[in-house]
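Worksheet for the structure shown next.
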Amino acid sequence: MRTTCRRGSGSNPPQCEARQDRVVRTKHLASLLLILVINGCAPIWEDEPGWDSEQRVELYTRLGLEYMAQNRLASALEAMNDALAIAPDDSTANHAMALLKLRLGEKPDAETHFDRALVSDPGNVGARNDYGGYLCEQGKWADGAKQFEAARDDPFNTESYVSQYGLGVCLVGAGRFRAAQDQFRAALVAEPESTAVLYQSARASFQLEEYLSARAFLERMFGAGGVTADSLLLAVRTERKLGADDLAKEYAARLRSAYPGSEQVQQLNVLMSKSGNG
651 MRTTCRRGSG SNPPQCEARQ DRVVRTKHLA SLLLILVING CAPIWEDEPG WDSEQRVELY
711 TRLGLEYMAQ NRLASALEAM NDALAIAPDD STANHAMALL KLRLGEKPDA ETHFDRALVS
771 DPGNVGARND YGGYLCEQGK WADGAKQFEA ARDDPFNTES YVSQYGLGVC LVGAGRFRAA
831 QDQFRAALVA EPESTAVLYQ SARASFQLEE YLSARAFLER MFGAGGVTAD SLLLAVRTER
891 KLGADDLAKE YAARLRSAYP GSEQVQQLNV LMSKSGNG
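Numbering (my numbering), first residue to last: 651 to 928.
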C-alpha cells in the first residue's frame, strides 16, 4: 500500500523518518540475505527474529523475482507463494506473481493477480503498465489503453514516458496511429534518444503516409545505435515510398548482411521481387 511519507510533501514527521530509516536498514540486510539464499549459502528463513510481516513479504517477493531472473521458476513460485501466504492482498507480491504466471503460461491466474495488485494499490504504476501491455498483446486494446492512461496520469508516476510509450504501442495495434504518434512525441520529450520510441514513432508515421517523418525518426534511431532487423526493413519500405531506390538497396544490403536467414530478410525478398529489384 502507499505510504503517507511522500517526497515533495515538505518535512516528514518523525514517525516517517524512523520508518524510512528502518526500511533502509531492512533493504541492506535483505540484499545480503538474498545473495546468501540464492547462492545456496543459507536456507530460506522461517522464524528470523526481528522481522515483521511486511518485511517478510518484501523479502520473499524479492527472492522470487531474483529466481525469475535466473529462470528458476519453481523456486520463484515457492517464494512468491510464501509471500502471498503472509499477505494475500499485498500489491507488490501480487504484481510479481502475475508476471510469474505469465511466464508459466497461466494467463487467467495472471489476470487475477494483476487485478488484486491494483485493487490493493491503485497507484502501483508498474503493475498498471505491465497489465496494460499484457491486455494489448491479447488484442484487448481498449482495456489495455485504460491501464496505461491511468498509469500515465498518476501524479506520483515519476516515469510517465514508460506509460506513454506503452499506450502508444497499444494504439498502434488498434490502428489509431495519430493518437499513438501523440504519445510517442510526449515520451520523446523525456527520452529523446530512446531507440524503442523512435522506432515506434517511425512505424506510426509510415502508417500515416508521412514518409519524410518516418525517415527522420529512423535516422535518429540509427544515430543512437538502434539498428534492428525490423528498423532496417522499415527503412527499405520508407525509402521506396520516397523514391530513393539506391538508399533502399543500401538498407536492404545491410539487412541481408546483418540478419541472414531472418524473417525480415524473407519479407524483404518478397518486397523486392514484386518490383523486380534484387
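Where is the CB? At the ideal position from N, CA and C, for every residue including glycine.
Residue range 757 to 770 is occupied by the alpha helix (DSSP H) that includes R766.
L882 and Y901 have their C-alpha atoms some 6 Å from each other.
If you draw a straight line from the Cα of A885 to the Cα of N919, it is about 14 Å long. For A894, the three-state secondary structure derived from DSSP is coil. In this structure F806 is exposed. Its beta-carbon is surrounded by fewer than 16 other beta-carbon atoms within 10 angstroms. Taking C-alpha positions only, E761 is separated from E843 by approximately 33 Å.
Residue environment analysis places N744 among the buried positions, since at least 16 neighbouring C-beta atoms fall within 10 angstroms of its C-beta.
Beyond the five residues adjoining it in sequence on each side, R766 comes within less than 7 Å, by CB distance, of D739, N744 in the same chain, given in chain order.
In this structure, Y861 lies away from A840, with their beta-carbon atoms at least 8 Å apart.
Residue burial is scored here from C-beta neighbours: N779 has at least 16 other C-beta atoms within 10 angstroms and is therefore classed as buried. For the pair R828 and L858, the Cα-to-Cα distance works out to about 7 Å. Taking a C-beta distance under 8 Å as the contact criterion, R870 and L848 qualify as a contact pair. Here V915 is buried, its C-beta having at least 16 other C-beta atoms within 10 Å. Shortest Cα-Cα distance from A795 to any of Y784, C820, L921 involves C820.
Spanning the alpha carbons of A830 and A801 requires a straight line of approximately 16 Å.
Cβ contact annotation for R904 (same chain, cutoff 7 Å, sequence separation greater than five): L882, in chain order.
The Cβ neighbour count for Q720, taken over all protein chains shown within 10 Å, is under 16; the residue is labelled exposed.
Going by C-alpha positions, T711 is about 14 Å away from H763. If you keep only unbroken alpha helix (DSSP H) runs of at least 4 residues inside the stretch 784 to 847, you get 791 to 803, 810 to 823, 827 to 840. The three-state secondary structure of Y909, taken from DSSP, is coil. A908 is positioned such that its CB atom lies no closer than 8 Å to that of T888. Residue D732 holds the alpha-carbon nearest to the alpha-carbon of E704 among D732, M718, A726, E728. For Q705, the enclosing alpha helix (DSSP H) starts and ends at 703 to 719.
Taking C-beta separations shorter than 7 Å and ignoring five residues to either side along the sequence, the partners of D793 in its chain run L785, following chain order. A Cβ-Cβ distance of about 5 Å is found for the pair Q833 and Q814, placing them in contact under the 8 Å criterion. Close CB contacts of Y717 within its chain, under the 8 Å cut and outside five residues either way in sequence, are with I688, L723, S725, A726, A729 (chain order). In this structure, the straight-line span from the alpha carbon of G776 to that of E913 is close to 32 Å. In this structure, DSSP gives A854 a helical state, which the three-state scheme calls helix. Remark: C-beta atoms of G816 and G773 do not approach each other more closely than 8 Å.
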